[in-house]
Every structure is written in C-alpha cells, then in structure tokens.
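Start counting the sequence shown at 6; every next residue gets the next number (this note's numbering).
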Amino acid sequence: PIVWWILARSTFGFEIRTVGANPNAARYAGMRPAVVTMTTMAASGLLAGLAGVVEILGVTGFINTSYGTSVGFDAISVALLGRAHPVGILFSAILFGAMRAGAPEMQLDAGIPVEIIDVLQGIILLFLAADILVRRLLRIRVARAGVDELQTVTRSYGEQTAR
C-alpha cells in the first residue's frame, strides 16, 4: 500500500510515471529522466533486497540452493494477472500462493504431479496474452475495413480504454 500510494499519489510517483511514459516529454516539463530512473532503480533494488533478507534470514535462517527456482516467473504472472493494480495483485497472489501451497497435498492425495501448477500458470499467461493479441488483430481488421473509430468496451489495467 505504501509503494502504491507513492506511485499513485505523490509528486515523485507522477515523475516516475511521466518518465516511464515519455522521457522526452518529461525532460521538456523540467524533470530529469536520468535522475528519476536511477532513483527508481535504487529504490526497487532496496525493496527487493529487503524482501530477500526477510525471506531468507527470517524464515529459514539460511539459503537453500533449490530455493526460489520459479519465484521470478510467479511474480511476473501475479503482476500480469493482477493487471498491475494493488487489489488485483493481492487476489492473484493469494490464488498463486494457494496453488503453490496446495500442490504437495494434491500430489499426496490425488497423485497429480506438482508440476501441474506450472502448467496452470502457463495457461493463465496464455489467455492473458491471447486477450492482447485478439485486441490487436481486431484493430488491424477494423483499420483495413476503413472504419474510423473502434468502440472498446473492455477495461485494461483498471481504466477504461478509449479509441
């Protein structure tokens, strides 16, 4: 919630979003894209390091060589499924956490391999990517047909898209 508030409500968050969208326009508006980028990267590295320290030292007390083989893929999947919105990420993280936590029990009780969770995540990502692909194909077909405007009734990342 704190990071979301900084990104959504503060001046620094506005600068981050502006530099990310168009560095040239941000420079023209008086912002320094290089400084904003370096500060953002340093802050994200700090937060990632804190999360890693808490996870490794706080839970187990040592690092396991097999730890975290799919954590990065899970994080990207959670962010995509949550549409980069804090509430969506919360629910998708609960879903993916429940799948990961329930996988060993599922294997013991039903004999289904744990790797089915990775397959389910891949299917979820496939459907998310298919949504984007269908939208692009629809725009191309409409442009070829000579239609001037395409009414979009779906939502993307929590906001109404307008075309």
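For every residue, glycine included, the Cβ atom is placed at its ideal position computed from N, Cα and C.
Terminal residues of the alpha helix (DSSP H) in which residue i lies
{"i": "residue 4", "result": "Only positions 6 to 168 of the chain appear in the structure, and residue 4 is not among them; the question remains open."}
{"i": "residue 18", "result": "16-26"}
{"i": "residue 45", "result": "38-60"}
{"i": "residue 76", "result": "76-86"}
Beta-carbon proximity list for residue i, same chain, < 8 Å, skipping 5 on both sides
{"i": "residue 118", "result": "112"}
{"i": "residue 222", "result": "The structure shown does not extend to residue 222, since the chain is modelled only from 6 to 168, so the question has no answer here."}
{"i": "residue 98", "result": "83, 87"}
Exposure label - residue i; buried when at least 16 CB within 10 Å
{"i": "residue 83", "result": "buried"}
{"i": "residue 168", "result": "With a pLDDT of only 49 at residue 168, under 50, the local geometry of the prediction cannot be trusted, and the value read off the model is given with reservation. With fewer than 16 Cβ atoms within 10 Å of its Cβ, residue 168 is classed as exposed."}
{"i": "residue 31", "result": "buried"}
Cβ shell of residue i (< 7 Å), same chain only, five flanking positions each side left out
{"i": "residue 105", "result": "122"}
{"i": "residue 94", "result": "83, 84, 87"}
{"i": "residue 103", "result": "none"}
{"i": "residue 130", "result": "82, 85"}
Cβ separation of residue i and residue j, assumed to be a contact under 8 Å, to the nearest whole Å
{"i": "residue 4", "j": "residue 133", "result": "Nothing can be reported for residue 4: it is not among the residues displayed for the chain, which extend from 6 to 168."}
{"i": "residue 46", "j": "residue 20", "result": "No, residue 46 and residue 20 are not in contact; Cβ-Cβ is about 14 Å, not under 8 Å."}
{"i": "residue 6", "j": "residue 91", "result": "7 Å"}
{"i": "residue 79", "j": "residue 101", "result": "6 Å"}
Cβ neighbours of residue i in the same chain (closer than 6 Å, five flanking residues each side left out)
{"i": "residue 12", "result": "18"}
Below-9 Å beta-carbon distance, residue i vs any chain C residue
{"i": "residue 107", "result": "No chain C is present in this structure, which holds just one protein chain."}
Practice task
Answer yes if the region 46-56 comes into contact with the region 69-78, meaning at least three C-beta pairs across the two stretches below 8 Å, and no otherwise.
Solution key: At 8 Å Cβ cutoff, the stretches do not touch.
Exercise for the section: Determine, using beta-carbon pairs with one atom in the region 37-47 and one in the region 15-28, whether at least three such pairs fall under 8 Å. Expected result: Using a Cβ-Cβ distance cut-off of 8 Å, the region 37-47 and the region 15-28 are in contact, since at least three pairs of beta carbons, one from each stretch, lie closer than that value.
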